[in-house]
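If you read the sequences in order, they're chains U and W.
Take any residue in the first sequence, count from 1 to its spot, add 12: that is its number in the working numbering.
Take any residue in the second sequence, count from 1 to its spot, add 12: that is its number in the working numbering.
Note that CB positions come from ideal geometry on N, CA and C, so glycine has one too.
The structure under discussion appears below in the form of structure tokens.
There are 2 protein chains.
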Amino acid sequence: MSEASYDVVGIGNAIVDVISKASDEFLVEQGIEKHSMTLIDEERATSLYALMGPGIEASGGSAANTMAGIASFGGRPAYVGKVRDDQLGQVFGHDTRAGGVAFDVPAATDGPATARSLILVTPDAARTMNTFLGISSLLEPADIDPELMAKAKILFCEGYLWDVESAKQAMRTAMDLVKTNGGTCAMTASDSFCIDRHHADFVELCEGPLDLLFANRAELARLVESDDLATGIEWVRERLAMTFITLGKEGSLVVTPDETIEIVAEEFGAPVDTTGAGDQYAAGVLYGLSQELPLAECGRLGSVAAAEVIEHLGPRPERNLAELAGLR
Amino acid sequence: MSEASYDVVGIGNAIVDVISKASDEFLVEQGIEKHSMTLIDEERATSLYALMGPGIEASGGSAANTMAGIASFGGRPAYVGKVRDDQLGQVFGHDTRAGGVAFDVPAATDGPATARSLILVTPDAARTMNTFLGISSLLEPADIDPELMAKAKILFCEGYLWDVESAKQAMRTAMDLVKTNGGTCAMTASDSFCIDRHHADFVELCEGPLDLLFANRAELARLVESDDLATGIEWVRERLAMTFITLGKEGSLVVTPDETIEIVAEEFGAPVDTTGAGDQYAAGVLYGLSQELPLAECGRLGSVAAAEVIEHLGPRPERNLAELAGLR
Numbered sequence: 013m014s015e016a017s018y019d020v021v022g023i024g025n026a027i028v029d030v031i032s033k034a035s036d037e038f039l040v041e042q043g044i045e046k047h048s049m050t051l052i053d054e055e056r057a058t059s060l061y062a063l064m065g066p067g068i069e070a071s072g073g074s075a076a077n078t079m080a081g082i083a084s085f086g087g088r089p090a091y092v093g094k095v096r097d098d099q100l101g102q103v104f105g106h107d108t109r110a111g112g113v114a115f116d117v118p119a120a121t122d123g124p125a126t127a128r129s130l131i132l133v134t135p136d137a138a139r140t141m142n143t144f145l146g147i148s149s150l151l152e153p154a155d156i157d158p159e160l161m162a163k164a165k166i167l168f169c170e171g172y173l174w175d176v177e178s179a180k181q182a183m184r185t186a187m188d189l190v191k192t193n194g195g196t197c198a199m200t201a202s203d204s205f206c207i208d209r210h211h212a213d214f215v216e217l218c219e220g221p222l223d224l225l226f227a228n229r230a231e232l233a234r235l236v237e238s239d240d241l242a243t244g245i246e247w248v249r250e251r252l253a254m255t256f257i258t259l260g261k262e263g264s265l266v267v268t269p270d271e272t273i274e275i276v277a278e279e280f281g282a283p284v285d286t287t288g289a290g291d292q293y294a295a296g297v298l299y300g301l302s303q304e305l306p307l308a309e310c311g312r313l314g315s316v317a318a319a320e321v322i323e324h325l326g327p328r329p330e331r332n333l334a335e336l337a338g339l340r
Numbered sequence: 013m014s015e016a017s018y019d020v021v022g023i024g025n026a027i028v029d030v031i032s033k034a035s036d037e038f039l040v041e042q043g044i045e046k047h048s049m050t051l052i053d054e055e056r057a058t059s060l061y062a063l064m065g066p067g068i069e070a071s072g073g074s075a076a077n078t079m080a081g082i083a084s085f086g087g088r089p090a091y092v093g094k095v096r097d098d099q100l101g102q103v104f105g106h107d108t109r110a111g112g113v114a115f116d117v118p119a120a121t122d123g124p125a126t127a128r129s130l131i132l133v134t135p136d137a138a139r140t141m142n143t144f145l146g147i148s149s150l151l152e153p154a155d156i157d158p159e160l161m162a163k164a165k166i167l168f169c170e171g172y173l174w175d176v177e178s179a180k181q182a183m184r185t186a187m188d189l190v191k192t193n194g195g196t197c198a199m200t201a202s203d204s205f206c207i208d209r210h211h212a213d214f215v216e217l218c219e220g221p222l223d224l225l226f227a228n229r230a231e232l233a234r235l236v237e238s239d240d241l242a243t244g245i246e247w248v249r250e251r252l253a254m255t256f257i258t259l260g261k262e263g264s265l266v267v268t269p270d271e272t273i274e275i276v277a278e279e280f281g282a283p284v285d286t287t288g289a290g291d292q293y294a295a296g297v298l299y300g301l302s303q304e305l306p307l308a309e310c311g312r313l314g315s316v317a318a319a320e321v322i323e324h325l326g327p328r329p330e331r332n333l334a335e336l337a338g339l340r
């Protein structure tokens, strides 16, 4: 492959999170499925926001969060996603770049507003997301820079992007370019309902361009159409070079054609907000892989990053992950 | 006085805080005076923001924070301040209303952007603020609704507003209206440099319309032009019905013509960010006064509210203050 300039290039929906505490009753009243990501339109975003309590804003977006985590480990990430030239777009661009992520997609000068996700955090620290995609849904193949893709050791894609046709095509374009250049293609399953919506596509990806997959247990079950974990493990083992299955407090599994490695969960403090836990797990794993560390160590770094992010509000690391993991 | 509909009406700069961790070295490099509030123009706001690390956004503004605290105690506050109809203005309006504060000033449809304060939090949890006032500085006497002022038991004004001529006039208009209706006028000294900039005005206020003053030790020293605390206490005792002097970890003092009451500081956890500590102290005190509680209890409520806000990022309460203070 060509000289790699970036350890990982992430592609995803560029989103500012609006995080607010909410009761379980509020979710029920609003007919919102707990733990899930629901796509909403601007009208619903406005009406739901009016019903929510006070919040804080933090830059988010699954793949962007992962890239921020990789930077915090000391890796070299880049990001592709679309914002408007509005205040939230400025916030997203600032936080992403200031966190050490190369992000050169220019902000759009017209079109819908920057995406925001109204995130309801219940007392059990679970997060439930209601996302207005805005301009983020206009990501298209023309936004994929072949030069950037040629510099990627690993491409990391959000499953969420499958919800938008043009973004899906952008992702396929990126995968083709990275494969051509000898890079690795990774994806996160993102959300079990998202898997349901695009099941055939996800199966095809696992049997085609993807080398690495990240999924939690619910996502794996939807993907392989079985609640049996052993069945899921064998399904991915037959199709992918590596699969990282997150099991919450029970840690995670690394599945390769040859072995299954159990990784324990880390815990630093009482869970406050699980937003970004999966994203940061992926950050630790991808950083480790980019440095060619042993798989068990990659998993440990994922557990450390996930544990850090759930102990505070917001989806990106607040502490230096390299230090926290004892890497420096 | 007429039937009061609001326990406290606050007037201040309507600001969204952009909170970022920073080193002491960064403050020195940037020539920023630690602990202070520096007014900056839009150009400096842009260049400083570009140099700062990733942040989170939270609605702020001194008097607005105080009103949010009063609502959290179960009181009935209202707020007057100016935002634009931009995304940060929407955030400010949402958070303020959702926190239980009546806020009916319409967002301006033209003019500068909503105010933002770039807040640098150093490892010792101290906050240093760099504020671009934007549209907030266009608050003027016409924004003061006589009907609202007639409904105020207590008017609470920010010293910060003295930095802008039209806002200063708005405050004087509000004070006149409240006094005419038999209400109480309170003010926070806000910042020692702000006192220096408008020293004669602040002295005149203490000798004229003000009944209550909030000041920390540095602000008191600038106001009375003496570093001696006993001198400061006697100065305010001769001029004001009540003065609340905050002393950080050493608690606070309530000074009246007849007595000086010592209030101990509360502490719930390790300090994370002192932003809003003075604002929340004022919230506890003003709530207590509006409920005609004994002065020592008013001070205790102030200490409880201040202790809650410094244990997390952001200037408004995250926990219910009435519950935390054992009021319900």
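C-alpha distance - W/GLU262 paired with W/GLU278, whole-angstrom precision: Answer to the nearest angstrom: the Cα atoms are 10 Å apart.
With U/PRO327 and U/ASP291 assumed to form a contact (beta carbons below 8 Å), what rounded beta-carbon distance in angstroms separates them? The Cβ separation is near 6 Å, so the contact holds.
Answer with yes or no whether the minimum CB distance from U/PRO66 to chain W is below 8 Å. Yes, U/PRO66 lies at the interface with chain W (some Cβ there is under 8 Å from its Cβ).
Whose CA, out of W/THR258, W/LEU173 and W/GLN42, lies closest to the CA of W/ALA294? For W/ALA294, the closest alpha carbon among the candidates W/THR258, W/LEU173 and W/GLN42 is that of W/THR258.
Which runs of the beta strand (DSSP E) at least 3 residues long sit entirely within the region 162 to 187 of chain W? Give them in chain order. DSSP runs (the beta strand (DSSP E)) wholly in the region 162 to 187 of chain W: 164 to 170.
Count the other CB atoms, across all protein chains shown, that sit within 10 Å of the CB of W/ALA62; report buried if there are 16 or more and exposed otherwise. An exposed status is given to W/ALA62, since fewer than 16 other beta-carbon atoms sit within 10 Å of its beta-carbon.
Cutoff 8 Å: U/SER162 Cβ touching any chain W Cβ: A quick correction: the sequence has Ala, not Ser, at residue 162 of chain U. So no, U/ALA162 is outside the interface.
Does DSSP put U/ALA127 in a helix, a strand or coil? Secondary structure at U/ALA127: strand, using DSSP grouped into helix, strand and coil.
For a cutoff of 8 Å on Cβ pairs, would you count W/GLN42 as touching chain U? So no, W/GLN42 is outside the interface.
Residue range of the alpha helix (DSSP H) that includes W/GLY296: Per DSSP, W/GLY296 belongs to the alpha helix (DSSP H) from 289 to 302.
Nearest-angstrom Cα separation, counted from W/ILE275 out to W/SER238: Rounded to whole angstroms, W/SER238 to W/ILE275 spans 23 Å at the Cα level.
Answer with buried or exposed for U/GLU57, where buried requires no fewer than 16 other C-beta atoms within 10 angstroms of its C-beta. Strictly speaking, residue 57 of chain U in this sequence is Ala, with Glu absent from that position. Classification of U/ALA57: buried, given that the 10 Å Cβ count is 16 or more.
Leaving out five residues on either side along the sequence, give the residues of the same chain with a beta carbon under 7 Å from the beta carbon of U/GLY101. Counting only Cβ-Cβ distances below 7 Å, and skipping sequence neighbours, we find VAL95, ALA119 and THR126.
Starting from the C-beta of U/SER48, find all residues in its chain whose C-beta is less than 8 Å away, skip the five residues before and the five after it, and write them out in chain order. Excluding sequence neighbours, U/SER48 sits near THR140, MET141, ASP203, SER204 and PHE205.
CB-CB under 8 Å to U/ALA308, same chain, minus the five flanking residues each way: which ones, in chain order? Excluding positions up to five away in sequence, the list reads VAL266, ILE273 and ILE275.
W/ALA227 versus W/THR200 - alpha carbon distance: Near 6 Å, if we compare the C-alpha coordinates of W/THR200 and W/ALA227.
Determine, using beta carbons only, whether U/ASP107 comes closer than 8 Å to chain W. In terms of beta-carbon proximity, U/ASP107 lines the interface with chain W, with at least one pair separated by less than 8 Å.
Chain-ordered residues of the region 73 to 102 of chain W with a beta carbon less than 7 Å from chain U: Going along the region 73 to 102 of chain W in chain order, one finds ASP98, GLN99 and LEU100 with a Cβ nearer than 7 Å to chain U.
Count the other C-beta atoms from every protein chain shown that fall within 10 angstroms of the C-beta of W/GLU320, then say buried if there are 16 or more, exposed otherwise. W/GLU320 counts as buried, since at least 16 other C-beta atoms from the protein chains shown sit within 10 angstroms of its C-beta.
Looking at chain W, is there any beta carbon in it that lies within less than 8 Å of the beta carbon of U/GLU69? Chain W contact via Cβ: present.
If you measure from the beta carbon of W/GLY296 to each beta carbon in chain U, is any gap under 8 Å? Against chain U, the CB of W/GLY296 has no partner CB under 8 Å away; the residue lies outside that interface.
Would you mind working out which of U/LEU225, U/ASP223, U/GLY244 and U/LEU224 sits nearest U/ALA233, comparing C-alpha positions? Measuring C-alpha to C-alpha distances from U/ALA233 to each of U/LEU225, U/ASP223, U/GLY244 and U/LEU224 identifies U/GLY244 as the nearest.
Return the chain-ordered list of same chain residues with a C-beta closer than 7 Å to the C-beta of U/GLY338, the five sequence neighbours on each side being excluded. Within the same chain, U/GLY338 has no close Cβ partners at all.
For the region 17 to 46 of chain W, which segments carrying the alpha helix (DSSP H) assignment without a break, of at least 4 residues, lie completely within its bounds, in sequence order? Within the region 17 to 46 of chain W, the complete alpha helix (DSSP H) runs of at least 4 residues are 36 to 41.
Does DSSP classify U/ARG139 as helix, strand or coil? It is a strand residue.
Name the one or two DSSP bridge partners that U/TYR91 has. The bridge partners DSSP lists for U/TYR91 are U/GLY22.
For W/CYS197: DSSP bridge partner residues: When DSSP reads this structure, W/CYS197 sits in a beta bridge with W/LEU167.
Using only alpha-carbon positions, find the residue among W/SER315, W/ALA154, W/PRO283 and W/GLY73 that is nearest to W/PHE168. In terms of CA proximity to W/PHE168, W/GLY73 leads the group W/SER315, W/ALA154, W/PRO283 and W/GLY73.
Identity of the residue in W/ALA253, W/GLY81, W/ASN25 and W/ALA70 nearest W/LEU51 by Cα: Considering only alpha carbons, the answer is W/ASN25.
Between which two residues does the beta strand (DSSP E) containing W/ILE322 stretch? W/ILE322 -> no beta strand (DSSP E), and no H or E assigned at all.
Using a beta-carbon distance below 8 Å, is W/ARG3 in contact with chain U? With chain W represented from 13 up to 340, any question about residue 3 of chain W goes unanswered, as that position is not in the structure.
Looking at chain U, is there any beta carbon in it that lies within less than 8 Å of the beta carbon of W/GLY263? W/GLY263 is outside the set of residues whose beta carbon lies under 8 Å from a beta carbon in chain U.
Tell me whether U/GLY43 is buried or exposed, calling it buried when 16 or more other Cβ atoms sit within 10 Å of its Cβ. Classification of U/GLY43: exposed, given that the 10 Å Cβ count is below 16.
Contacts that W/ALA110 makes with chain U (C-beta to C-beta distance below 7 Å): Contact of W/ALA110 with chain U by beta-carbon distance below 7 Å involves MET64, GLY65 and PRO66.
Any idea if U/ASP29 is buried or exposed, counting beta-carbon neighbours within 10 angstroms, 16 or more meaning buried? By the beta-carbon neighbour count (other beta carbons within 10 angstroms, threshold 16), U/ASP29 is buried.
Buried or exposed (CB count within 10 angstroms, at least 16 for buried), W/PRO66: Buried, since its Cβ has 16 or more Cβ neighbours within 10 Å.
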